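Novice:
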Amino acid sequence: MNITTLISAKEISNRVSELGQDISNDYQGPVILISVLKGSICFMADLLRSIDSDVTIEFISISSYKGAMKGNISLHDNSIEDIQGKHVILVEDIVDSGRTLSFLIELLSKKNPKSIDVCTLLDKPARREVEIPLSYIGFEIDDYFVVGYGLDVNQKYRNLPYIGYIEQ
Numbered sequence: 001m002n003i004t005t006l007i008s009a010k011e012i013s014n015r016v017s018e019l020g021q022d023i024s025n026d027y028q029g030p031v032i033l034i035s036v037l038k039g040s041i042c043f044m045a046d047l048l049r050s051i052d053s054d055v056t057i058e059f060i061s062i063s064s065y066k067g068a069m070k071g072n073i074s075l076h077d078n079s080i081e082d083i084q085g086k087h088v089i090l091v092e093d094i095v096d097s098g099r100t101l102s103f104l105i106e107l108l109s110k111k112n113p114k115s116i117d118v119c120t121l122l123d124k125p126a127r128r129e130v131e132i133p134l135s136y137i138g139f140e141i142d143d144y145f146v147v148g149y150g151l152d153v154n155q156k157y158r159n160l161p162y163i164g165y166i167e168q
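Numbering of the sequence shown is given in the working numbering, commencing with residue 1 and proceeding in unit increments.
Put into structure tokens, the structure is as follows:
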């Protein structure tokens, strides 16, 4: 499988630092980051270290992919602690169709947070089926199937320090 670099490790590092500073500037008080597993784990770890304000973290496991194909939305874990009256930022690796994120926002809204924002490393607007307001965007990309920096295909390539696309 040929993988071509789309976004270098240095570009990712610089942009994640900028996003962390933006969040620090926007939230003077406490904020809860909720990482959408597994793809956002690298992004979440680096983003967390880039935020200067009071932050706690939670994780949720949800998926809409099986291998390289889009599938049904499946919630694997919803052990999110009390978020009522608190600021929440969903941390996503990539926003594609918007279906998964829409489902998740609806689910978390039932817990009455003060606000829900979305921070995504990658935005792929060409694939959008559901419009989702994205507060923080790392990079907007074309319609590539991407891997690396936490993103995978069949659980492979998450460990790449850059983001690449698979050549067909």
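Cβ atoms here follow ideal geometry from the backbone N, Cα and C, with glycine treated the same way. Because the structure is a prediction, the values reported are computed rather than measured.
1. Would you mind working out which of Tyr-149, Lys-156 and Gln-155 sits nearest Ile-12, comparing C-alpha positions?
2. What did DSSP end up calling Glu-18 once you bin it into helix, strand or coil?
3. Could you compute how far the alpha carbon of Tyr-165 sits from the alpha carbon of Leu-6?
4. Find the nearest neighbour of Phe-103 within the set Ile-132, Leu-121, Ile-83 and Ile-94, judged by alpha-carbon distance.
5. Decide if Gly-39 is buried, meaning its Cβ has at least 16 other Cβ atoms within 10 Å, or exposed.
6. For the beta strand (DSSP E) holding Glu-92, just list the boundary residues, first then last.
7. Tell me whether Glu-106 is buried or exposed, calling it buried when 16 or more other Cβ atoms sit within 10 Å of its Cβ.
8. For the ligand MN, any of its heavy atoms closer than 7 Å to the Cβ of Ile-34?
9. Helix or strand or just coil, what does DSSP make of Ser-115?
10. My output table needs one value for Lys-110: the three-state DSSP class, helix, strand or coil.
11. Check this for me: beta carbons of Val-118 and Ile-3, under 8 Å apart or not?
12. Take the Cβ of Asp-82 as the centre, count every other Cβ of all protein chains shown within 10 Å, and call the residue buried at 16 or more, exposed below.
13. Kindly identify the DSSP beta-bridge partner or partners of Lys-156.
14. Can you find the residues in the same chain that come closer than 8 Å, C-beta to C-beta, to Asp-52, ignoring five residues on each side of it along the sequence?
15. For Thr-120 versus Leu-134, is the C-beta distance shorter than 8 Å?
16. Tell me which residues share the same chain as Arg-128 and place their Cβ nearer than 6 Å to its Cβ, disregarding the 5 neighbours each side in the sequence.
Specialist: In brief:
1. Numbered from its first residue, the sequence shown carries residue 12 at position 12. Checked all of Tyr-149, Lys-156 and Gln-155; the closest Cα to Ile-12 is Tyr-149.
2. The sequence position of residue 18 within the sequence shown is 18, counting from 1. Glu-18 falls in the helix class under three-state DSSP.
3. The residue you call residue 165 lines up with position 165 of the sequence shown. The residue you call residue 6 lines up with position 6 of the sequence shown. One C-alpha to the other measures close to 6 Å.
4. Walking along the sequence shown from the start, residue 103 turns up at place 103. Comparing Cα positions, the closest option is Ile-132.
5. Mapped onto the sequence shown, residue 39 falls at position 39. Counting Cβ neighbours within 10 Å, Gly-39 comes out buried, since at least 16 surround it.
6. Translated into the one-based positions of the sequence shown, residue 92 becomes position 92. Element bounds for Glu-92: 87 to 95.
7. One-based indexing of the sequence shown puts residue 106 at position 106. Result: exposed.
8. By its list of ligands, the structure shown contains no ligand whatsoever, and the ligand MN lies outside what it can speak to.
9. Numbered from 1 along the sequence shown, position 115 holds the residue referred to as residue 115. Strand, per DSSP.
10. What you label residue 110 is simply residue 110 of the sequence shown in a count that begins at 1. Coil, per DSSP.
11. As a first step, residue 118 must be located in the sequence shown, where it is residue number 118. As a first step, residue 3 must be located in the sequence shown, where it is residue number 3. Their beta carbons are not under 8 Å apart, which means Val-118 does not touch Ile-3 by this criterion.
12. Counting from 1 along the sequence shown, the entry for residue 82 is found at position 82. Asp-82 comes out exposed.
13. Along the sequence shown, read from residue 1 onward, the residue named residue 156 stands at position 156. Paired residues: Val-153.
14. In the sequence shown, residue 52 corresponds to position 52, counting from 1. For Asp-52, where only same-chain residues beyond five positions count, the Cβ hits under 8 Å are Gly-20, Gln-21 and Ser-24.
15. Counted from its first residue, the sequence shown places residue 120 at position 120. Counted from its first residue, the sequence shown places residue 134 at position 134. Their beta carbons are under 8 Å apart, which means Thr-120 touches Leu-134 by this criterion.
16. On the sequence shown, position 128 is the one that residue 128 refers to. Closer than 6 Å at the Cβ level, and outside the excluded window around Arg-128, lie Gly-98.
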